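Chemist: Before we start, here is the structure in question, set down as structure tokens.
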Amino acid sequence: MKFVDQVLIEARSGDGGRGCVSFRREKFVEMGGPDGGDGGRGGDIYFVVDPSLTTLLDFRYQRHHRAKNGMPGLGSDKHGKGGDDLYLHVPAGTLIYDDETGEQLLDLTEVDKQVMFLKGGIGGRGNARFKTSRNRAPRHAQPGMPGEVRQLRIELKLLADVGLIGLPNAGKSTLISVISAAKPKISDYPFTTLVPNLGVVDLGDRTMVVADIPGLIEGASEGHGLGTRFLRHVERTDLFLHLIDLSMLQTGDPVENFALINTELERYDPKLASKPQLVVFTKIDIPEVKEQAEQLRPDFIAQGHEVFLISAVTREGVKELVQVAATRLEESRLPESDSAEGDYDPLG
Ligand SMILES: Nc1nc2c(ncn2[C@@H]2O[C@H](COP(=O)(O)OP(=O)(O)OP(=O)(O)O)[C@@H](O)[C@H]2O)c(=O)[nH]1
Ligand SMILES: [Mg+2]
Numbered sequence: 002m003k004f005v006d007q008v009l010i011e012a013r014s015g016d017g018g019r020g021c022v023s024f025r026r027e028k029f030v031e032m033g034g035p036d037g038g039d040g041g042r043g044g045d046i047y048f049v050v051d052p053s054l055t056t057l058l059d060f061r062y063q064r065h066h067r068a069k070n071g072m073p074g075l076g077s078d079k080h081g082k083g084g085d086d087l088y089l090h091v092p093a094g095t096l097i098y099d100d101e102t103g104e105q106l107l108d109l110t111e112v113d114k115q116v117m118f119l120k121g122g123i124g125g126r127g128n129a130r131f132k133t134s135r136n137r138a139p140r141h142a143q144p145g146m147p148g149e150v151r152q153l154r155i156e157l158k159l160l161a162d163v164g165l166i167g168l169p170n171a172g173k174s175t176l177i178s179v180i181s182a183a184k185p186k187i188s189d190y191p192f193t194t195l196v197p198n199l200g201v202v203d204l205g206d207r208t209m210v211v212a213d214i215p216g217l218i219e220g221a222s223e224g225h226g227l228g229t230r231f232l233r234h235v236e237r238t239d240l241f242l243h244l245i246d247l248s249m250l251q252t253g254d255p256v257e258n259f260a261l262i263n264t265e266l267e268r269y270d271p272k273l274a275s276k277p278q279l280v281v282f283t284k285i286d287i288p289e290v291k292e293q294a295e296q297l298r299p300d301f302i303a304q305g306h307e308v309f310l311i312s313a314v315t316r317e318g319v320k321e322l323v324q325v326a327a328t329r330l331e332e333s334r335l336p337e338s339d340s341a342e343g344d345y346d347p348l349g
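Quick note on this note's numbering: the sequence shown kicks off at 2 and runs consecutively.
Structure, rendered in structure tokens:
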């Protein structure tokens, strides 16, 4: 599946139809009163958050989006038909920016939400409306009002609770495949994952959405590997699972690797580096890996981290990791630990 998370589009609401100039024609009456109807209203543009979408791909193929114009008014006091509204379907997590000013206009997170975005132009009034005692035969009508046009930048930042981060091959996609129904591509070469995958973890009484993103490497913030552009999809998570692979697939010192991933997060956005992380050593079904993980565990704990050892193959430690992640997530959302404490408005 193709994944597109940024597009430029033009949105235009419909123009109002023009009002009509017309006079009643009756037998034996040379000219009757004015009977020109009003023009119809132009169609509006709406954004709809569609739960079946996970990409902005459709917008790649069509950039101009226009609601229908209102029809002109007609004689015999017939009003023009209103133009059809246009509904633009977007995935949850879509942000709409004015491309000219950069201003954020909408943040669409709520599924099935429908937002009126551009109002269609109103229809012009027909000459029947201008009849007065002093002017019984008005010969003018109004044109319709034009619709609105906006150049927009549409960006998708996936909505997930937990983000999986780590070097390529750390086992991120394998983990999401065992804790959710997601079926991402898994392979023993780096950069198997090219686009983010979302998985919904069933916790019994609730669910937790996990995002698997492409692996990060040193210099990712300067564009190395797949770069850091996919980090936008974990910007809105409240917890990271930082996966560390100690098997033969991984090169370099694990402590340094851990630090370098965090440096890349910091370079992308300091807010990401300060998100809570759980340290997860993967692939402990391999005996040497488990041994090394147990040796390294105290160092990470000493640095204040919570450490987990898991195997996606045997599922050892996986359930416990999921449960603790769910608990930490809940704790991070308790009002006391609200990072915006200073902005708390008792009346708000
Ligand atoms: N033995 C063992 N191998 C594992 C485990 N988890 C993952 N692997 C293997 O490690 C390799 C990399 O796994 P992936 O899940 O694709 O790694 P990733 O972190 O998603 O990698 P990128 O998408 O490239 O960033 C694959 O060959 C997996 O089969 C595990 O628990 N035990
Ligand atoms: Mg992967």
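C-beta: ideal position from N, C-alpha, C; glycine also.
The structure displayed is predicted, hence computed values, not measured ones.
Measure the C-alpha to C-alpha separation of G349 and S333 and round it to an integer number of angstroms.
Modeler: In this prediction, G349 has a pLDDT of 47, which is less than 50 and means its spatial position is unreliable; what the coordinates show is noted afterwards. Each residue's alpha carbon lies about 21 Å from the other.
Chemist: Measuring from the CB of V196, is there a heavy atom of ligand 1 at a distance below 7 Å?
Modeler: Result no, Cβ not under 7 Å from ligand 1.
Chemist: So what does DSSP say about E11, is it helix, strand or coil?
Modeler: Residue state, collapsed to three classes: strand.
Chemist: Just to confirm before moving on: does the CB-CB distance between I214 and L168 stay below 8 Å?
Modeler: Cβ atoms of I214 and L168: not closer than 8 Å.
Chemist: Would you say P185 touches ligand 2, meaning its beta carbon is less than 7 Å from a heavy atom?
Modeler: Yes; taking the cut-off as 7 Å, the Cβ of P185 has a heavy atom of ligand 2 nearer than that.
Chemist: What number of angstroms, rounded off, separates the C-alpha of P147 from the C-alpha of G43?
Modeler: Cα to Cα, the separation comes out at about 8 Å.
Chemist: Have a look at L232 and A68 and give me their C-alpha separation to the nearest angstrom.
Modeler: Answer to the nearest angstrom: the Cα atoms are 34 Å apart.
Chemist: State the DSSP-derived secondary structure class of F118, mapped to helix, strand or coil.
Modeler: In this structure, F118 counts as strand in the three-state DSSP scheme.
Chemist: Looking at the structure shown, is V5 part of a helix, part of a strand, or coil, going by DSSP?
Modeler: Looking at V5 - three-state DSSP - the assignment turns out to be coil, as it is neither helix nor strand.
Chemist: Leaving out five residues before and five after G318 in sequence, what residues of the same chain have Cβ atoms less than 8 Å from its Cβ?
Modeler: Cβ neighbours of G318 beyond the five flanking positions: I285, F309, L310, I311 and S312.
Chemist: I'd like the ranges of any beta strand (DSSP E) spanning at least 3 consecutive residues and lying wholly in the region 190-265.
Modeler: With a minimum length of 3 residues, the continuous beta strand (DSSP E) runs that stay inside the region 190-265 are 198-203, 208-213 and 240-246.
Chemist: Whose C-beta lies closer than 6 Å to the C-beta of M72 among residues of the same chain, with five residues either side of it excluded?
Modeler: Hits under 6 Å: G18, G41, G81 and K82.
Chemist: Output the distance between the C-alpha atoms of Y47 and K291, rounded to the nearest integer angstrom.
Modeler: So the two alpha carbons sit approximately 54 Å from each other.
Chemist: Quick check on the DSSP output: the beta strand (DSSP E) that includes I166 runs from which residue to which?
Modeler: Element bounds for I166: V163 to G167.
Chemist: G121 and D239: beta carbons closer than 8 Å?
Modeler: Cβ distance not < 8 Å, so G121 and D239 don't count as in contact.
Chemist: With DSSP as the reference, label I123 as helix, strand or coil.
Modeler: Note: I123 maps to coil in three-state DSSP.
Chemist: For K184, which three-state DSSP category applies?
Modeler: K184: coil per DSSP, three-state reduction.
Chemist: Could you round the C-beta distance between G172 and L247 to whole angstroms and report it? I think they count as a contact, below 8 Å.
Modeler: About 11 Å; that fails the 8 Å criterion.
Chemist: Taking its Cβ as the centre, do 16 or more other Cβ atoms sit within 10 Å of A12, making it buried, or is it exposed?
Modeler: Its Cβ being crowded by 16 or more others within 10 Å, A12 is buried.
Chemist: Thinking C-beta only, is E104 closer than 8 Å to S14?
Modeler: No; because the gap between Cβ atoms is not below 8 Å, this pair is not in contact.
Chemist: Helix, strand or coil: which one does DSSP assign to G305?
Modeler: Residue state, collapsed to three classes: coil.
Chemist: In whole angstroms, what separates the C-alpha of R207 from that of R130?
Modeler: When rounded, the distance between both Cα atoms is 59 Å.
Chemist: According to DSSP, which residues form a beta bridge with H66?
Modeler: The partner list for H66 (beta bridge, DSSP) reads A12.
Chemist: If you reduce the DSSP assignment to three classes, tell me which class V325 lands in.
Modeler: Helix.
Chemist: Counting beta carbon pairs with one atom in the region 84-95 and one in the region 50-68, are three or more of them shorter than 8 Å?
Modeler: Taking 8 Å as the limit for Cβ pairs, the verdict is that the region 84-95 does touch the region 50-68.
Chemist: Note the first and the last residue of the continuous alpha helix (DSSP H) segment covering L273.
Modeler: L273 -> alpha helix (DSSP H) spans P271 to A274.
Chemist: Considering just the uninterrupted stretch of the beta strand (DSSP E) at T95, what are its terminal residues?
Modeler: Looking at the DSSP string, the run of the beta strand (DSSP E) that includes T95 is T95 to D99.
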